[in-house]
Amino acid sequence: MKPSFLPGWVLSLACIAAVAGMVGTPVAATAADIELQGRELVVSGMLDGSAIKTFTEQLASGTVRTVVFEDLSGGTADAAGAFADAIRASGVDTEIRGQCMAACAYAFLAGKTHRFGYGFQVNGILLPVAARPTAAELAVRWRGEEAHKTLADFTPPTASTAGTATAKPVEASVPPTKDVRDNWQPDHGILFTASPTLFGRIYNAYYCDGTQGRDFSKCERISDADPYKLGVLTP
């Protein structure tokens, strides 16, 4: 029997449909669950910051080699930063099994190496953005320290990063500065997916403007956005 070949657009729709199905599962709505499995620290649920102490303690033990994110969505930019800092400081690798959306995505990028898990599941990562990036911005946005800088778009400066300049009084006629946290919209970002086939994995990228809700088939496909070339995944 000859193998059947599906057009690229069919695979794309099937892939994002599978990701959408995972996003709608109840597990994504629960707080982060952390479980040590050998040298792997498996995290599922939602990175809301409630488990950061346990997470940091596990990494400090020196036992963990890889942090595995398994079907996570939601979470705040602050939580993403806290988990990312802990991962970066420990020098562990990161892996995605299933979906890794919003806060999970930026924590994932902090790994020494960051990869999609093997197996027959559809893997997807949604990286929130404050505005649609240009092609030039995509090329460097999530490479190395640039991912850390990008996350700063969503978090207000701290005392250590704001400098020592004296604050100027704000005139009554000047509207208050928008809180950068308002830029964080978990459903607004770039979605990268990988679906298994008999001949290897098919990778696709999409821009989601946030209005699609859980229907990722409404996201706009982006051409020439290889997650390996863009630094989202490492070999």
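Going by mature numbering (1 follows the signal peptide of the UniProt record, and there is no 0), the letters in the sequence shown line up with residues -31 to -1, 1 to 204, in that order.
Built from N, CA and C at the ideal position, the CB exists for glycine as well.
The structure displayed is predicted, hence computed values, not measured ones.
Among residues of its own chain, excluding the 5 on either side of Asp195, which ones have a beta-carbon nearer than 7 Å to its beta-carbon? Cβ within range, chain order: Tyr172.
Coarse secondary structure for Ser164, derived from DSSP in three states: DSSP, read as helix, strand or coil, puts Ser164 in strand.
Cutoff 7 Å; reference Ala49; Cβ partners in own chain excluding five residues on either side: Closer than 7 Å at the Cβ level, and outside the excluded window around Ala49, lie Leu16, Ala72, Tyr75, Ala76, Leu120.
What whole-angstrom Cβ distance do Phe123 and Asn152 have, given they're in contact under 8 Å? 5 Å
Please report the straight-line C-alpha distance between Asp156 and Ala163, rounded to a whole angstrom. 18 Å
Would you call Phe161 buried or exposed, if buried means 16 or more other Cβ atoms sit within 10 Å of its Cβ? buried
Are the region 82 to 89 and the region 99 to 115 touching, with three or more C-beta to C-beta distances below 8 Å? no
In chain order, what residues of the same chain lie with their CB nearer than 7 Å to the CB of Thr133, ignoring the 5 residues before and after it? Annotation note: pLDDT 39 at Thr133 (below 50); position unreliable, no value reported.
C-alpha gap between Pro165 and Ala1, whole angstroms: 27 Å
Could you spell out where the alpha helix (DSSP H) holding Gly50 opens and where it closes? 46 to 59 is the extent of the alpha helix (DSSP H) around Gly50.
Which residue's Cα is closest to the Cα of Val12: Gln68, Ala29, Thr45, Gly31? Gln68
Residues bridged to Met70 (per DSSP): In the DSSP secondary-structure assignment, Met70 is bridged to Leu95.
For a test of the three-state rule: what should DSSP assign to Val33, helix, strand or coil? coil
In whole angstroms, what separates the C-alpha of Gly80 from that of Gly60? 7 Å
Who are the near neighbours of Ile65 in its chain, counting only those whose CB is closer than 7 Å to its CB and skipping five residues on each side? Phe38, Phe77, Phe85, Gly86, Asn92, Ile94
Is the beta carbon of Thr25 closer than 7 Å to that of Ala55? The answer is yes: Cβ separation under 7 Å.
The alpha helix (DSSP H) spanning Leu107 covers which residue range? 104 to 109
Bridge partners for Asn173 per DSSP, in chain order? Thr162
Beta-carbon gap between Thr82 and Thr180 smaller than 7 Å: no
Residue nearest to Leu96 in terms of C-alpha spacing, selected from Gly158, Gly44, Thr63: Gly158
Integer Cβ distance of Ala51 from Gly18, believed to fall under 8 Å: 6 Å
Below 7 Å between beta carbons: does that hold for Tyr197 and Cys188? The answer is no: Cβ separation not under 7 Å.
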